[in-house]
Structure formats: C-alpha cells, structure tokens
Amino acid sequence: LRPPAALVPGLLDAARARSELRPDAVALAGPLGRWLAERNPDWRFVLRTTAPEPTERSDDPADDRPWHEGLFAERVTHLTLLRRRDPAAGLELLRGTWSTERAEDRLLFLDALQDGLSPADEPFLEAALGDRSKNVRATAAELLSTLPGSALAERMAERARAAVRLADGGTHLLVTPPAECDERMQRDGIAPKSPTGRGERAWWFGEVVAAAPLALWQRSTGLTPERLLGLRVGDSVDETSSSWADDLREAWARAAVRQHDADWARALLGPAPVPPARGAGRARSPRVTGAPAKLLAVLPPEERAAWTAAFIEVHGVGEAFQLLGACATPWTPPLSTAVVTALARAAASGAYPWSHSGVLGMTERALAPETAAAVEELAAEASPDSAWSETFARLAGTLRFRAAMLKELDAE
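Counting in this note's numbering, the sequence shown runs without a single skipped number right up to 412 at its last residue.
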C-alpha cells in the first residue's frame with residue numbers, strides 16, 4: 001500500500017513533527033520517501049528510521065542485490081532489516097564494503113548497527129574509533145558505551161571514577177573534572193571543544209560520565225541511584241561549592257537514556273507528581289533532570305502512562321505534550337481520562353483550543369475510543385457554536401469512527 005506520490009512530502013512533514021508516526025510513515029512512503037530524504041535535510045530522519053519489517057520476505061540469496069546495486073536509501077533499509085533478523089550477516093555485509101564507503105554513508109550505516117548490537121560488534125566498532133570522520137568516531141563511541149563490558153565502557157568507567165568519588169564519611173560526592181582532553185579521550189569520541197559553548201572541563205566531565213556504565217556507581221559506592229541522587233555534590237577543591245551538581249545529574253540522565261536503565265530513569269524522574277491536599281498550596285512536583293520524555297521512554301509502557309497521568313492531573317496538558325508523545329498508543333484508560341479531564345479544565349478556564357493544538361491533534365489518534373462518551377458530554381456542555389464545542393464534537397466523532405473501524409477489523 002503506497003500513497004499517491006504527490007502526498008508523500010506532506011506525509012514526511014507530518015512525521016517530522018511527530019516522531020511517533022515515523023516508522024509507519026517511512027513504511028508508507030517507501031523508496032520514494034527515502035529518495036526525497038536524500039535531497040531534503042528536513043527529512044533526514046527518514047534515513048535513520050526503521051520501517052516495520054514486512055511479514056513476508058524472500059530467502060533468495062539474491063536478496064543482497066539491493067546492498068550492492070541499490071540507491072543509498074535502499075542500502076540503508078536493506079542493512080537495517082538484515083541486522084534485525086541476522087545481526088552477524090549484517091555486520092559481515094557492512095564490513096565487506098566499509099573501506100570504500102563515503103564518510104556520510106558510513107555514519108548512517110554504522111547507525112544501523114543499533115539493531116542487534118552485541119559484543120560481537122565490538123572489534124568492528126573499536127576499529128571505527130580510528131575513522132577519519134569525527135562523526136563516525138562519535139557514533140562508534142556511543143554504540144560501544146552501550147555495550148556492557150566493552151573496552152571503551154571500561155576506559156570511560158576508569159575516567160569517571162577519577163572524576164567523581166564519595167567523600168570520606170559518605171555524606172557527599174566530590175567532583176574533579178578532567179584537566180585536559182588527551183588523544184585517548186578524543187579517540188573514544190570526546191570532542192576537545194564543546195559544540196554548545198559550555199566550559200571545556202564541564203563538557204569533558206559530562207561526556208565521560210554519560211558514557212560510563214551506570215552499574216559503576218552502585219558497585220563503587222554501595223548506594224542505590226536514589227541515594228546517590230540525594231547526596232550533595234561538591235568540588236574536590238571547594239567542597240562547599242555545588243557547581244557540578246547539575247552537570248552530574250544531566251550526565252547521569254543521558255547515560256540512563258543511552259543504556260536504557262529503568263532504575264536510573266525512575267530515580268531521575270522522581271515519584272509522580274502528587275496533587276496538594278486541600279488548602280495546602282501548590283502541588284508537590286519532583287525535580288526532573290534532563291529531558292523528561294526521554295527518561296520516561298525508558299520505563300515500561302504502563303508505568304509511563306501512570307506517571308504522565310499523574311503529571312497531567314497536577315499540571316494540566318499544557319506542559320505534557322512531549323510526555324504524551326513518549327506514551328504508547330492508544331493511551332490507557334486512566335491516561336485518557338486524565339487528558340479529557342484536563343482539557344475540560346482548560347475549556348472552563350477560558351483558554352482557547354488552539355493553545356493546546358499539539359495535544360488535541362495527538363488525542364484524535366491516541367485517546368482510548370472508550371472516552372468518546374465523556375468527550376461528547378463536554379461538547380454538549382460547552383457554549384453552542386463556541387470553539388471548544390466544535391473541537392470536542394470533532395474529537396468525539398473521530399473517537400466514534402475509530403471505535404467502529406476497530407470493531408470492523410476485529411470482525412474480519
């Protein structure tokens with residue numbers, strides 16, 4: 001099934017704005033979508049996105065012809081799908097042509113090794129640390145840092161141990177950031193100059209900690225992630241300073257996302273927000289470090305939905321767009337109810353629907369169809385001919401249509 005060619009650019013624009021649509025959009029766009037992505041930087045995500053694997057495939061040995069004869073986008077797709085079903089074969093295929101590939105192509109081919117990544121890939125990735133392209137070197141280093149027990153992970157662990165230690169008495173952490181970015185650090189993917197304009201030592205420190213195995217910290221201190229995050233952070237020269245606290249937490253957050261560590265992600269997110277007791281003032285909110293949506297995506301789907309529902313109950317939907325995007329669809333009934341209730345509060349407060357257009361667009365696809373009746377009630381309660389009345393009526397109609405469509409599909 002393919003959309004008309006004229007609609008593919010619009011499809012890619014929609015997927016660019018909503019990352020959760022990308023795998024299906026890439027599958028629908030097919031080779032044309034990848035061809036367009038090679039020519040428009042705004043659609044480069046297509047070349048990094050894996051389409052859902054077809055349910056049927058040929059076992060003909062000639063299947064490797066797209067790799068040897070196809071366009072670049074077809075080669076990326078072929079390598080990615082091969083890595084999904086036979087990681088070793090995918091690695092050998094890439095190894096066979098690696099030395100002849102262009103730097104920009106090597107970068108995306110290397111990125112495809114994320115599927116099926118294992119210790120068997122380590123020798124190839126270690127060799128890629130010496131690549132002439134700094135972007136290839138950085139990608140190889142990032143992949144190696146996610147492999148427990150890799151030589152790079154151990155090198156980063158050694159640097160991290162030198163940079164962060166538990167003070168005598170175990171009351172706080174002391175930070176000694178790297179004094180320089182030597183050649184060995186650069187080979188391991190750390191750029192000597194910060195691309196964001198941060199201070200050099202802060203940049204090196206963050207890169208080291210983000211690439212070190214998170215298991216290191218509990219092993220070296222005996223403390224859980226929650227206990228470590230609760231400690232004061234001081235400078236090894238001035239123990240009263242807390243200037244490194246945010247840098248350390250941000251680096252740990254990056255490591256949690258990179259290593260898919262649910263325990264650390266949970267600790268960094270903190271407990272779900274709790275509504276205040278009546279008359280108790282403002283709600284209590286956790287201190288969230290890093291990109292909350294990325295940390296949330298590390299957690300199991302049910303836990304993601306529960307945390308986001310609690311957040312919306314306290315803060316409304318205005319700040320929840322990215323969090324909702326991290327939740328599996330269709331949303332669970334409790335999360336769907338929380339969103340509908342928050343939209344009702346927004347309507348009652350006098351806000352305009354377009355101030356929540358991002359979330360409203362998401363609800364049409366993600367709300368549980370069972371919430372249609374509640375949304376219809378909101379449409380009936382809103383002022384006739386008002387923007388909210390129209391918005392809720394349209395949303396209810398979409399939910400009813402989705403419910404009917406799902407019923408028909410189940411019947412087949």
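Ideal placement from N, C-alpha and C gives every residue a C-beta, glycine not left out.
Contact belief for residue i with residue j at Cβ below 8 Å, rounded distance in angstroms
i: residue 259; j: residue 214; result: 6 Å
i: residue 343; j: residue 308; result: Their Cβ separation, rounded to whole angstroms, is 14 Å, which puts residue 343 and residue 308 out of contact at 8 Å.
i: residue 372; j: residue 403; result: 6 Å
i: residue 119; j: residue 149; result: 7 Å
i: residue 15; j: residue 22; result: 5 Å
i: residue 202; j: residue 247; result: 5 Å
i: residue 122; j: residue 147; result: 6 Å
i: residue 299; j: residue 345; result: Wrong, their Cβ atoms sit about 26 Å apart, outside the cutoff.
i: residue 36; j: residue 9; result: 7 Å
Beta-carbon gap between residue i and residue j smaller than 7 Å
i: residue 249; j: residue 208; result: no
i: residue 391; j: residue 353; result: yes
i: residue 11; j: residue 27; result: no
i: residue 181; j: residue 195; result: no
i: residue 293; j: residue 322; result: yes
i: residue 340; j: residue 305; result: no
i: residue 163; j: residue 124; result: no
i: residue 129; j: residue 187; result: yes
i: residue 376; j: residue 338; result: no
i: residue 210; j: residue 251; result: yes
Distance between residue j and residue i (C-alpha atoms, nearest Å)
i: residue 178; j: residue 256; result: 22 Å
i: residue 46; j: residue 105; result: 14 Å
i: residue 189; j: residue 156; result: 11 Å
i: residue 174; j: residue 243; result: 11 Å
i: residue 365; j: residue 98; result: 42 Å
i: residue 223; j: residue 171; result: 11 Å
i: residue 113; j: residue 133; result: 17 Å
i: residue 167; j: residue 245; result: 15 Å
i: residue 417; j: residue 116; result: With the chain covering only 1 through 412, there is no way to say anything about residue 417.
i: residue 268; j: residue 199; result: 24 Å
i: residue 61; j: residue 67; result: Residue confidence is low: residue 61 scores 38 on pLDDT, short of 50, so the model does not pin down where it sits. Its coordinate-derived value is still stated next. Approximately 12 Å, taken between the alpha carbons.
i: residue 329; j: residue 347; result: 24 Å
i: residue 58; j: residue 108; result: Because the pLDDT at residue 58 is just 44, under 50, the model does not fix this residue reliably, and the value given afterwards should be weighed accordingly. Between residue 58 and residue 108, the C-alpha separation is close to 25 Å.
i: residue 278; j: residue 315; result: Unreliable positioning characterises residue 278 in this predicted model, as indicated by a pLDDT of 49, which lies under 50. A coordinate reading is not provided.
i: residue 262; j: residue 380; result: 43 Å
i: residue 80; j: residue 362; result: 29 Å
i: residue 5; j: residue 43; result: 16 Å
i: residue 311; j: residue 396; result: 24 Å
i: residue 332; j: residue 385; result: 31 Å
i: residue 63; j: residue 74; result: 12 Å
i: residue 141; j: residue 253; result: 18 Å
i: residue 110; j: residue 197; result: 27 Å
i: residue 221; j: residue 264; result: 15 Å
i: residue 400; j: residue 137; result: 51 Å
i: residue 84; j: residue 32; result: 22 Å
i: residue 100; j: residue 326; result: 38 Å
i: residue 17; j: residue 350; result: 27 Å
i: residue 410; j: residue 227; result: 48 Å
i: residue 139; j: residue 102; result: 15 Å
i: residue 218; j: residue 232; result: 16 Å
Beta strand (DSSP E) segment containing residue i, residue limits
i: residue 234; result: 232-235
i: residue 32; result: Segment 22-37 is the alpha helix (DSSP H) holding residue 32; no beta strand (DSSP E) there.
Residue i in three-state terms, based on DSSP
i: residue 165; result: strand
i: residue 314; result: helix
i: residue 129; result: coil
i: residue 173; result: strand
i: residue 298; result: coil
i: residue 187; result: helix
i: residue 193; result: coil
i: residue 117; result: coil
i: residue 150; result: coil
i: residue 244; result: coil
i: residue 49; result: coil
i: residue 2; result: coil
i: residue 178; result: coil
Where the alpha helix (DSSP H) containing residue i begins and where it ends
i: residue 324; result: 321-325
i: residue 90; result: 87-97
i: residue 15; result: 8-17
i: residue 365; result: 357-366
i: residue 260; result: Segment: none, residue 260 is in no alpha helix (DSSP H) and carries neither H nor E.
i: residue 134; result: 134-145
i: residue 67; result: 65-69
i: residue 274; result: Neither: residue 274 is in no alpha helix (DSSP H) and is coded neither H nor E.
i: residue 206; result: 200-211
i: residue 413; result: Nothing about residue 413 can be read from this structure; the chain reaches only from 1 to 412.
i: residue 336; result: 333-348
i: residue 221; result: 215-221
i: residue 372; result: 372-381
7 Å Cβ cutoff, residue i in contact with chain B
i: residue 295; result: The displayed structure is made up of one protein chain only, and chain B is not part of it.
Cβ-heavy atom distance, residue i to the ligand NAP, below 6 Å
i: residue 338; result: Absent from the structure shown: the ligand NAP. Ligands present: none.
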